[in-house]
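Worksheet for the structure shown next.
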Amino acid sequence: MISYLKGQAIETVKGLNNRIMLIVEVNQIGYEVQIPSRFARQVSLGTDAVMQVFTHQQMREEQPILYGFASAAERDLFRQLVSVSGIGAQLAIALIDTLGLENLVQAIVAGNVQTLSKTPGVGKKTAERIALELRTKLSQWRKLSGVKTATSAAVPSMAILEDVEMTLLALGYENEEIEQAFSTLSGDAQLLKNPNPEEWIRRAIAWLSE
């Protein structure tokens, strides 16, 4: 089992079904690793910098496949996800890509089916199964691994989240853009005290338009 690779990022290639492959050169050997798009945006290509990719190796009849992640915690979460009945590697990566490490763990631990269902390919029953099978495991793992998740005092209410999200989606913004806006705006202590969805929408559009 390959735990991680340390080397230079040579290139990223988008393959079938928009899967992103990263070529990492280690000791003059190029390893092909499938990574989440979130990770791909962090990768600096064409530099001499040495990067570390935490990997999970999956054996298939035709060939072994390496999946790569930005952190050991993200890799370990991927392993937890694929242990759930009916959750394959591609769906696990889609969950990580859609929600991110902290928000995904928080949604599972809280049993937030609605948030989990935002991931393409994850319906209500699948989301319920993920929460049911992993809630206790991830609650314990989160404490041991030191993964921090949002608390109720650090995020807007669910009602505000839903109102703002529906409005921004209707305006044509992508889920990822909306998540980034929420992440940034949630750092404003004054705004967190504001229960008015219209103010959140106004601030979110202003941030997204910058």
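Quick note: my numbering has the sequence shown finishing at residue 235, numbered continuously throughout. Glycine is no exception: its CB is placed at the ideal position from the N, C-alpha and C atoms.
Legend entry - Minimum C-alpha distance to R100 - residue among T161, T80, L157: T80
Inset, instruction - Using the Cα positions of Y198 and A65, report the straight-line distance between them to the nearest angstrom. - result: 21 Å
Legend entry - A114 beta carbon less than 8 Å from that of Q82: no
Legend entry - Under the three-state DSSP convention, the category M191 falls into: Note: M191 maps to helix in three-state DSSP.
Legend entry - Selected residue, minimal CA-CA separation from N42, among F207, P145, Q165: Of the listed residues, the one whose Cα sits closest to N42 is P145.
Inset, instruction - Leaving aside the five residues before and after A206 along the sequence, list all residues of the same chain whose C-beta is less than 6 Å from its C-beta, in chain order. - result: A229, W232, L233
Legend entry - Distance CB(Q33)-CB(E50) smaller than 8 Å: Cβ distance < 8 Å, so Q33 and E50 count as in contact.
Legend entry - Span of the alpha helix (DSSP H) around Q20: Lying before the first or after the last residue shown, residue 20 is absent from the chain, which here runs from 26 to 235.
Legend entry - Distance between S142 and I60 (C-alpha atoms, nearest Å): 21 Å
Inset, instruction - Indicate whether the contact test is met: 3 or more Cβ pairs, each with one atom in the stretch 150-158 and one in the stretch 104-121, closer than 8 Å. - result: yes
Inset, instruction - Compare the beta carbon distance of V134 and L163 with 8 Å and say whether it is the shorter of the two. - result: yes
Inset, instruction - Identify which residue in T37, L106, I185, D213 has its Cα closest to the Cα of L129. - result: L106
Inset, instruction - Tell me where the alpha helix (DSSP H) around Q132 begins and ends. - result: Reading off the sequence shown, one finds Ala at residue 132, where the question assumed Gln. Note, A132: alpha helix (DSSP H), 126-135.
Legend entry - Residue range of the unbroken alpha helix (DSSP H) whose run includes Q105: 97-107
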